[in-house]
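In my numbering, the protein residues as written are 277 to 489.
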Amino acid sequence: MKTKNVLLEQLKGEREFNPNMNMTDAQINDLVQDVDTEILMKCLVDEYSKVSKKYEVEVKVDYDSQFAWEYYKDDLIYLSEELDIAVHNSNRRMGNVLPNKKIDTDGYHKSCIVGCTGYSQSEWDDYKIYYNEESEELDRLKEELSKVFTHKHDYQVDTIEVLDSGHSMVIESDSVSIMHIEFPEEDDVKAAILDANTGIDIDSDLVTWNFAI
């Protein structure tokens, strides 16, 4: 009985969404009570499959999640974990993004300054790194550290199913972050979404991409 009650509600909801399904409540109830559950489900799937469907992928900038910033900080900490260094930052209004590294500079014979500049006058900092040995890992850290105020982009990705009747519904919502490009273009964002396998697996010929970035 529980299964049929669920199917009854599903059919009523499907009727609102599917213009091809012209049935009264009484007809739906009779169908649910009289037809085998397995047959009923097959009828529902077959009926729904007749509806012409297309899909839209809507992409917009996500200003709230801060996922890219969190990923960036985690990457920096990972890069610095095995390095014997001390790190100071100059702008006291900004927190040190490498709080895990010691500040005692005794015993270090070399140092370098990594300048960090953003897109406003308040977005600046200078990081002084104290170290003894050059390494590829240190060079990579310097490069990433210079991007403290840049290269962080989050996007909300909604996959929308659209019927010929004009009815539509969001069938998948996800997010994607880009940190390797300072100013991503639409093609960059699309590539990142596809690489991340975000959204529903749909025939590309049925998909329209809408960008609000």
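No residue lacks a Cβ here, since even glycine has one placed at the ideal position from N, Cα and C.
Task: Own chain partners of residue 454 with C-beta closer than 6 Å, once the 5 adjacent residues on each side are dropped - done: Your numbering for residue 454 matches position 178 in the sequence shown. Short of 6 Å from the beta carbon of residue 454, and not among the five residues preceding or following it, lie these beta carbons of its own chain, in chain order: 429, 460, 468.
Task: 4-residue-minimum alpha helix (DSSP H) runs that sit fully inside the region 330-367, ordered along the chain - done: Taking only runs of at least 4 residues, the alpha helix (DSSP H) segments lying wholly in the region 330-367 are 343-356.
Task: Which of helix, strand or coil DSSP assigns to residue 387 - done: One-based indexing of the sequence shown puts residue 387 at position 111. Residue 387 sits in a strand when the DSSP states are folded into three classes.
- [ ] Report yes or no: do three or more beta-carbon pairs, one from the region 362-376 and one from the region 391-407, lie closer than 8 Å?
- [x] With the rule of 3 Cβ pairs closer than 8 Å, the region 362-376 counts as touching the region 391-407.
Task: beta strand (DSSP E) segment containing residue 430, residue limits - done: The residue given as residue 430 occupies position 154 in the sequence shown. For residue 430, the enclosing beta strand (DSSP E) begins and ends at 429-439.
TODO: With a 10 Å radius around its C-beta and 16 neighbouring C-beta atoms as the bar for buried, classify residue 377 as buried or exposed.
DONE: The residue labelled residue 377 in the question sits at position 101 within the sequence shown. When all chains shown are included, residue 377 counts as buried.
Task: Rounded separation between residue 484 and residue 452 - CA only - done: By one-based count along the sequence shown, residue 484 stands at place 208. By one-based count along the sequence shown, residue 452 stands at place 176. Their backbone Cα atoms lie some 18 Å apart in a straight line.
Open item on the list: For residue 457, which residues in the same chain have their Cβ closer than 6 Å to its Cβ, ignoring the five residues on either side in sequence?
Closed with: Walking along the sequence shown from the start, residue 457 turns up at place 181. If you ignore the 5 residues before and after residue 457, its C-beta comes within less than 6 Å of the C-beta of 464, all in its own chain and listed in chain order.
Task: Residues near residue 363 by beta carbon distance below 7 Å, same chain, minus five either side - done: What you label residue 363 is simply residue 87 of the sequence shown in a count that begins at 1. Taken in chain order, the residues that qualify are 372, 374, 377, 403, 405.
TODO: Report the three-state DSSP secondary structure of residue 469 (helix, strand or coil).
DONE: Here residue 469 refers to the residue found at position 193 of the sequence shown. Under the three-state reduction of DSSP output, residue 469 falls in the helix class.
Task: Residue(s) in a DSSP beta bridge with residue 405 - done: Indexing the sequence shown from 1 puts residue 405 at position 129. DSSP lists 363, 388 as partners of residue 405.
Task: Whole-angstrom C-beta distance between residue 431 and residue 338, which should lie under 8 Å - done: Reading the sequence shown from its first residue, position 62 is the one you call residue 338. Reading the sequence shown from its first residue, position 155 is the one you call residue 431. Right, their Cβ atoms sit about 6 Å apart.
Task: Sequence-distant residues of its chain with Cβ nearer than 7 Å to residue 384 (five each side left out) - done: Against the sequence shown, residue 384 aligns to sequence position 108. Result list for residue 384: 362, 406, 407, 408, in chain order.
Task: Enclosing alpha helix (DSSP H) for residue 419 [first to last residue] - done: Start at 1 with the first residue of the sequence shown, and residue 419 comes out as number 143. For residue 419, the enclosing alpha helix (DSSP H) covers residues 412-421.
TODO: Have a look at residue 444 and residue 380 and give me their C-alpha separation to the nearest angstrom.
DONE: Sequence index remark: in the sequence shown, residue 444 carries index 168 (1-based). Sequence index remark: in the sequence shown, residue 380 carries index 104 (1-based). For the pair residue 444 and residue 380, the Cα-to-Cα distance works out to about 60 Å.
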